[in-house]
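Residue numbers (the numbering used here): 2 to 312.
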Ligand SMILES: NC(=O)c1ccc[n+]([C@@H]2O[C@H](COP(=O)([O-])OP(=O)(O)OC[C@H]3O[C@@H](n4cnc5c(N)ncnc54)[C@H](OP(=O)(O)O)[C@@H]3O)[C@@H](O)[C@H]2O)c1
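Structural data, given as structure tokens:
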């Protein structure tokens with residue numbers, strides 16, 4: 002069987018996307034074949050297209066990118082349990098996988114979840130790459146507990162806005178950094194204080210925190226050590242641990258990578274129950290032109306929430 006896919010032949014800018022008919026590989030035992038209904042723009046997909054990770058995992062060209070996926074299951078591998086043909090699922094496709102910018106995509110069961118009927122497709126399209134890292138950073142690495150104080154950098158971003166809500170939901174006190182423009186919306190999501198990163202220095206405003214989640218890096222990462230209590234935790238999604246600063250401030254510094262249990266079903270339930278929201282700022286068609294325009298829009302604008310691609 003073949004599919005029409007949006008491929009790139011080499012690394013570069015968003016003009017690289019083009020259509021091509023591609024053979025769909027045979028499913029491995031724990032894989033699902035998905036008829037794609039949607040995907041989203043993530044900074045990771047843009048970095049992959051640009052070749053930022055080409056030394057770590059070189060793409061086999063032509064490559065189908067697109068990490069987030071939502072759609073219907075049309076075929077299942079021989080060892081799949083708990084999923085049936087016709088189920089609506091969302092999930093995260095690995096960088097060298099058969100990606101979501103396509104009519105059909107291949108999703109591993111370990112990175113999938115069924116989508117509840119009351120969740121709109123555009124929300125499900127952006128849940129995986131926002132909620133899985135947010136959950137893993139807060140709870141698997143960060144070990145956040147009820148009653149603790151957490152600072153989440155980049156609160157208006159896809160991961161940050163999800164992390165604010167997940168942390169608030171378990172009864173943590175949440176501080177965040179973002180543009181003032183988004184302060185009201187982020188307070189509604191559960192931030193008790195929003196620090197405007199353009200005009201305020203968070204390291205002068207906060208202290209004695211239990212956990213910092215860093216989605217920004219650079220000086221934001223380095224200055225985060227100062228606001229933690231002794232034996233506090235710093236989880237960065239973008240910076241490898243700075244051992245010198247970790248020793249100086251007696252902080253446990255960690256980088257988000259590695260394998261954790263997939264929390265996506267838990268997040269789907271929270272969204273279905275109205276306890277977690279995902280803000281979709283803009284939608285584009287999942288076509289060559291749509292992917293290009295959506296990625297350009299994301300790069301040229303200060304997006305609050307997500308840019309989504311729909312069939
Ligand atoms: N390690 C992992 O497994 C993993 C997983 C997922 C994501 N990531 C990485 O995590 C980062 C965030 O991902 P995302 O999807 O949330 O990106 P995003 O949706 O683009 O959000 C980034 C946010 O950061 C804000 N920001 C920029 N500079 C800031 C600063 N100095 N202080 C506070 N906020 C600032 C931006 O706000 P403005 O628009 O107002 O500037 C924006 O809201 C990306 O670099 C991504 O590649 C890593």
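Note that CB positions come from ideal geometry on N, CA and C, so glycine has one too. From a predicted model like this one, the values you see are computed outputs, not experimental measurements.
One thing to note: residue 298 has its Cβ no nearer than 8 Å to the Cβ of residue 291. Only exposed fits residue 220, as fewer than 16 other CB atoms lie within 10 angstroms of its CB. In the three-state scheme derived from DSSP, where H, G and I count as helix and E and B as strand, residue 96 is classed as coil. Taking every protein chain shown into account, the CB of residue 19 has fewer than 16 other CB atoms within 10 angstroms, so this residue is exposed.
Within the same chain, 160, 163, 164, 167 come within 7 Å of residue 135 by CB-CB distance, once the 5 residues on both sides are set aside.
Only residues of its own chain outside the window of five on either side were considered, and among them 4, 5, 6, 7, 23, 37, 65, 67 have a CB closer than 8 Å to the CB of residue 103, listed in chain order. Residue 149 and residue 214 have their C-alpha atoms some 13 Å from each other.
Apart from sequence neighbours up to five positions away, the residues of its chain that approach residue 251 with a beta-carbon distance below 8 Å are 231, 232, ordered along the chain.
Here residue 15 really is in contact with residue 296; their C-beta atoms are around 5 Å apart, less than 8 Å. In the three-state scheme derived from DSSP, where H, G and I count as helix and E and B as strand, residue 30 is classed as coil.
Relative to ligand 1, residue 179 has its C-beta within less than 7 Å of a heavy atom. Between the segment 109–123 and the segment 45–59, the count of C-beta pairs closer than 8 Å stays below three; the two stretches do not touch. The alpha-carbon separation between residue 243 and residue 204 amounts to approximately 17 Å. When only Cα atoms are considered, residue 311 and residue 145 end up about 34 Å apart.
Residue 196 sits away from residue 222, with the two beta carbons spaced by 8 Å or more. Look at the segment 118–191 and you find these whole runs of alpha helix (DSSP H), each 4 residues long or longer: 122–125, 128–136, 159–170, 184–190.
Secondary structure note for residue 3: its beta strand (DSSP E) is the uninterrupted segment 3–9.
Per DSSP, the unbroken beta strand (DSSP E) holding residue 237 starts and ends at 229–237.
Beta-bridge analysis with DSSP links residue 256 to 237.
Taking 4 residues as the shortest admissible run, the segment 42–90 contains the following complete alpha helix (DSSP H) segments, listed from N- to C-terminal end: 44–51. Between residue 212 and residue 151 the beta-carbon gap is near 4 Å, inside 8 Å, which marks them as a contact. Beta-bridge analysis with DSSP links residue 246 to no other residue. In the DSSP secondary-structure assignment, residue 310 is bridged to 40, 285.
Just measuring C-alpha positions, the residue of 183, 60, 234 sitting nearest residue 208 is 234. CA-CA distance, residue 30 to residue 287, rounds to 28 Å.
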